[in-house]
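Going down the list, the protein sequences come from chains A and B. Just so you know, we're using my numbering here: the first sequence kicks off at 262 and counts up by one. Just so you know, we're using my numbering here: the second sequence kicks off at 19 and counts up by one. One structure is given below, encoded as structure tokens.
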Amino acid sequence: MKWIAAALFAAMLALLPSFAGDFYINLASQIVIAAIFALSLNLLVGFGGMTSLGHASFLGVAAYISALLTSRYGFGHGPAAIVSIVGTTAMAAVFGIIALRASGLGFLMITLALSQVLWGLAYRMSNVTNGDNGIAGLTRPMPFGISLDSAASFYWFALAVGSVAFLMMTTFVSSSFGSSLTGVRDQPRRMAALGFNPWMIRWITFIYAGFWGGVSGLLYVYYNKYIHPTSLSTTSSAEALLGVIAGGSGTLTGPAVGATLVLLLKNYASAYVERWNMLLGLVFLFIVLVMPTGIVPGLSKLLNRRGGPR
Amino acid sequence: MQFWIIQGLNSLSLGGLLFLLSSGFSLIFGLMRLANLTHGAFFMLGTYFGATAMRAYSGLSIWTVALGAGVAVAAIGGLFERLVLSKLKTNPLGQVLVTLGMSFIISDACLVLWGGDSIPVPTPQNLQSPTRFFGFVFPTYRLVLVGCAIAAAIALYFLLERTRLGAMIRAGVDDRQMARAVGIPVSNLFTIVFCLGAGIAGAGGVLGGPILSAYPGLDGDMLPLALIVVILGGIGSLLGAFIGSFIVGFIYTFGTALFPELAYIILFLPMILVLAFRPQGLLGRLGA
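Listed below in structure tokens is the structure:
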């Protein structure tokens, strides 16, 4: 039953462009990008117990590197993508060394400070990043000579990358390494006594999450063909964190659901009210006060009421 | 020479402002184990209150305005603590998230109320003329600001070390459960400390107004500075916040003057050094 539902859902996702209009296809592309981003943050927040408020750094830096290399230095999309992912992952390794000196709230504060520094740089180094004007006039890549300029082709591209990302992150957390990660989250001392290296496990997870954050950043810049410092801002990190927590951190599908909801809310609400930031703040208060464990765990608890907790 | 002296004074005055901002942050963190991400927004709210009051009634002295704005921001902070934060005592992550949500709400409300243009705050008239000292010229207001920060530091020191309330706060910082067991009303202390921290930030916002002026995004500019100060100085330590503030004030001012584009990077070098060698901060006792 569960498998049939999943297969139907996958078929619906793949066939979406055949029955939906361009507006909805583009919305779906944005959802796929936001979902990859939220899933990568969930590796830290849900499975690693490391609440980061600076995850937008990886999205933004990957997007900026690709944008700068292709628009200013004449790189092709292939080499630019490789440099941007390698660079972002390397940055995640360095940020991890700094931020993992602390845990809990200290970790949160350091990730926030680091990402604010990057945001400030993007704003102020205007001779490199073009500051508040952002970098416009970018192009989408043409993998194997296929143009991604139509809504449907880009959606399929994003969906393919998103599926690979979902599978690889699922494998990551269901592997024995994933078990040691949740072990370190719950009982760091016991894990250390058992011979694991908690710091190394956290660091590797941080780098892996940074890698997927970078991948979502590449898709983000391909989709928008534009990049602005706001994609590095705390709001951007906070939207993703809200998606993770609203959907249910530490579950495999929750963050994707949460990211979808945040994105839909953002798209539909901004048609009626101008004040997205205020609404975002209110939704934060609501989710934390009313639904602290998230939507997906809440729903599955309802569905499995007879079977008891998993 | 004049350059170095003026920049030195600018560093001191920025350090003083940062102390007004981060002392409350550090105090709240120490007692409540709560990273209050609304703190930058409280500071900005103070600046906007000050700008509005001083432009509407030009006769008001900046001290009255700072006191009034401090009380107003403290009241807002107190309501927030009572109505929202106290409901989340067992959920530290939830607390951080609601402070973040609250900071979005406040900064967006400021944008609605005061618009997107920056509002300059006039320097008080009796402090406008420069002070001459050994042949050098100093802006008087900045000197006064440094004095304010030092006065605030001394007042906070006496409050914490010499009064009954301070003794209760220190007991709560050291061991919350034990403090509760001997009859200290810790929940009320939380509210008092949160109000105090928010109030100092609000008053600091008014005093910082003539230097920074009120603009949207001021909260986002100040919060990371406060975070860096607190990470540097050590969480929950008043002296640590004091020293950290002036270190950050110097680095940021000289960084901006000498390498304008790299100031943000230079700013977090000391943070990395401290984290590498003393993760608990220069004077911190608490593991974050």
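Even glycine gets a Cβ: it sits at the ideal position worked out from N, Cα and C. In this text the structure is predicted, and so the values were computed from the model without any measurement.
When C-beta distances to chain A are compared with 9 Å, the residues of the stretch 254-279 of chain B below that value are P278 and E279, in chain order. For B:T149, the enclosing beta strand (DSSP E) begins and ends at T149 to F151. Taking the CA atoms as reference points, A:R401 sits about 12 Å from A:A324. Counting other Cβ atoms within 10 Å of its Cβ, B:N28 reaches 16 or more and is therefore classed as buried. Between B:K107 and A:L550, the beta carbon gap of about 13 Å keeps them out of contact (Cβ cut-off 8 Å).
The beta carbon of B:S263 is closer than 7 Å to those of G33, L36, F37, S40 and V247 in its chain, skipping five residues each way along the sequence. Across the structure, B:A199 and B:L178 are spaced so that their CA atoms are roughly 21 Å apart. Boundaries for B:F277: no alpha helix (DSSP H) harbours it, and the DSSP string shows neither H nor E there. For A:G456, the closest Cβ of chain B is not nearer than 8 Å. Here the C-alpha atom of A:V505 lies approximately 14 Å from the C-alpha atom of A:G315. At a Cβ-Cβ threshold of 8 Å, B:A59 and B:S121 count as neighbours. Here the alpha carbon of A:I297 sits roughly 26 Å from the alpha carbon of B:T117.
Put simply, of B:G48, B:M19, B:Q20 and B:V83 the residue whose alpha carbon is nearest the alpha carbon of B:A259 is B:G48. For A:F545, the enclosing alpha helix (DSSP H) has its first and last residue at W537 to V551. Looking at A:A453, A:L513, A:A501 and A:A351, the one whose alpha-carbon comes closest to that of A:F545 is A:A501. DSSP assignment within the stretch 75-136 of chain B yields the following whole alpha helix (DSSP H) runs of 4 residues or more, N-terminal first: 80-101 and 110-132. Listed by position along chain A, the residues whose Cβ is nearer than 8 Å to that of B:P288 form an empty set, because the closest Cβ is around 12 Å away. Where B:V247 is concerned, the enclosing alpha helix (DSSP H) starts and stops at L236 to G251.
By the neighbour-count criterion, in which a residue is buried when 16 or more other Cβ atoms sit within 10 angstroms of its Cβ, A:Q291 is buried.
Listed as beta-bridge partners of B:V164 by DSSP are no residues whatsoever. For a cut-off of 8 Å, the C-beta gap from A:Y481 to A:I294 is around 5 Å, short enough to register as a contact.
Straight-line measurement puts the Cα of B:I23 at about 8 Å from the Cα of B:F154. In the DSSP assignment, the residues bridged to B:V155 are B:R150.
If you draw a straight line from the Cα of A:L541 to the Cα of B:L291, it is about 35 Å long. Listed along chain A, the residues sitting closer than 9 Å to B:D126 by beta-carbon distance are R536, W537, N538, M539, L540, L541 and G542. Residues are counted here when their Cβ sits less than 9 Å from a Cβ of chain A; for the stretch 49-61 of chain B these are R51, L52, A53 and L55, given in chain order. Neighbours of B:M240 in chain A, taken as residues at a C-beta separation under 8 Å, are lacking, since the least C-beta distance is about 10 Å. A residue is called buried once 16 or more other Cβ atoms fall within 10 Å of its Cβ, and A:Q448, having fewer, is exposed. Taking the Cα of A:A421 as reference, the smallest distance to any Cα among A:F356, A:P404, A:S436 and A:G381 is reached at A:P404.
Counting only runs of 4+ residues, the alpha helix (DSSP H) found wholly inside the stretch 431-465 of chain A occupies 437-447 and 449-454, in chain order. Using a Cβ-Cβ cut-off of 8 Å, A:R362 counts as an interface residue toward chain B, since at least one Cβ of chain B sits closer than that to its own. In this chain, the alpha helix (DSSP H) harbouring A:H338 covers H338 to A360. Between A:L382 and B:Y282, the C-beta spacing is below 8 Å. A distance below 6 Å between beta-carbons, with the five flanking residues on each side excluded, links A:L288 to no residue of its chain. By the C-beta density criterion, A:E535 is exposed, having fewer than 16 other C-beta atoms within 10 angstroms. Taking every protein chain shown into account, the CB of B:N206 has fewer than 16 other CB atoms within 10 angstroms, so this residue is exposed.
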